[in-house]
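Scroll down for the structure; my scribbles are underneath it.
Shown next as structure tokens:
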């Protein structure tokens, strides 16, 4: 008679239950502080939207966030008055043009700095980064003289080109860091298949850098949409002004009608908030890429 012995499996290690987060006193105070900070940050936005739907009598009568009779006509009147709609579409044009130019030139130059070798590469890249430390108002006088000599004062192109130039250093910094993290093996495989350097950039590197591109887009949109100092220097024609300068003019004309002013401010603010909320995760990923390897 033959005896067979089955090999016993060792008992599985006991799984330790995850310990619940311990809400210590410092952690509780930290959470309460963050909640208070969040509410304090959101409250002005909520009040702005609420006031935009109220009459002057309601606003002067005291602070209450829910309007008794929402005045949606404030938005219609604000949109139609003082060429506010023209200012809005001007800002859309300037923003889209600047974003397109920034992404195009920054991505090409950042890829060149990340992957190509040429004389003076480090010096040239450092020269671009120096512009990060130069305050923009400090360049207004030479910029004004250059635009005047080129006949670009009081033109849309004379505003868009400096905005692209001002957005390039940060965009290049973020995109170069991201391109350097892309495995070179992916590009080498494309080269073996007969792709050119430009094709590799367009079909391999650029699609993989979408988080960084999204970061550049959002930062550029925020910068252009909120800009008004350079516009005050370049433009003297009221019809070409962007939204922020137009908003100041609007508030000067309707300073006593708070409902209209808050409606105009809401129209100015909400688009940028919506865009930011849609792409906020990409901003964190792109900025972290630049922080880890720049």
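Residue numbers (this note's numbering): 1 to 294. Cβ coordinates follow ideal geometry from the N, Cα and C atoms, glycine included. Source: prediction; values computed, not measured.
Residues near residue i by beta carbon distance below 7 Å, same chain, minus five either side
i: residue 99; result: 217, 220 and 221
i: residue 3; result: At residue 3, the pLDDT of 46 sits below 50, so the modelled position is not reliable; the number obtained from the coordinates is stated separately. Correct list: empty, nothing qualifies.
i: residue 97; result: 160
i: residue 82; result: 249, 250 and 253
i: residue 145; result: none
i: residue 264; result: 78, 84, 247 and 250
i: residue 143; result: 162
Residue i versus residue j: straight-line alpha-carbon distance, rounded
i: residue 67; j: residue 262; result: 14 Å
i: residue 86; j: residue 249; result: 13 Å
i: residue 180; j: residue 95; result: 28 Å
i: residue 223; j: residue 88; result: 15 Å
i: residue 230; j: residue 193; result: 48 Å
i: residue 70; j: residue 58; result: 11 Å
i: residue 74; j: residue 55; result: 9 Å
i: residue 199; j: residue 205; result: 9 Å
i: residue 182; j: residue 282; result: 17 Å
i: residue 76; j: residue 267; result: 11 Å
i: residue 48; j: residue 274; result: 16 Å
i: residue 277; j: residue 35; result: 19 Å
i: residue 29; j: residue 38; result: 14 Å
i: residue 156; j: residue 240; result: 7 Å
i: residue 132; j: residue 123; result: 15 Å
Same chain, Cβ closer than 8 Å to residue i, five either side skipped, listed in chain order
i: residue 121; result: 113
i: residue 105; result: 164 and 168
i: residue 108; result: 201
i: residue 136; result: 166, 229 and 230
i: residue 232; result: 245
i: residue 186; result: 204 and 208
Rounded distance between the beta-carbons of residue j and residue i, thought under 8 Å
i: residue 102; j: residue 40; result: With 8 Å as the limit, residue 102 and residue 40 do not qualify as a contact, their Cβ atoms being about 33 Å apart.
i: residue 259; j: residue 84; result: Residue 259 to residue 84, Cβ: 14 Å. No contact.
i: residue 110; j: residue 175; result: 4 Å
i: residue 154; j: residue 237; result: 5 Å
i: residue 129; j: residue 173; result: 7 Å
i: residue 195; j: residue 203; result: 7 Å
i: residue 234; j: residue 147; result: 7 Å
Residues near residue i in its chain [Cβ-Cβ closer than 6 Å; skip 5 each side]
i: residue 125; result: 113
i: residue 64; result: none
i: residue 279; result: 214 and 218
i: residue 50; result: 65
i: residue 140; result: 233
Hey, which unbroken runs of the beta strand (DSSP E) at 3 residues or more fall wholly within the region 34 to 118? none
What residue ranges within the region 181 to 243 form continuous alpha helix (DSSP H) runs of no fewer than 4 residues, ordered along the chain? 184 to 192, 197 to 200, 210 to 225 and 229 to 234
What are the complete alpha helix (DSSP H) segments, minimum 4 residues, inside the region 133 to 177? 140 to 150
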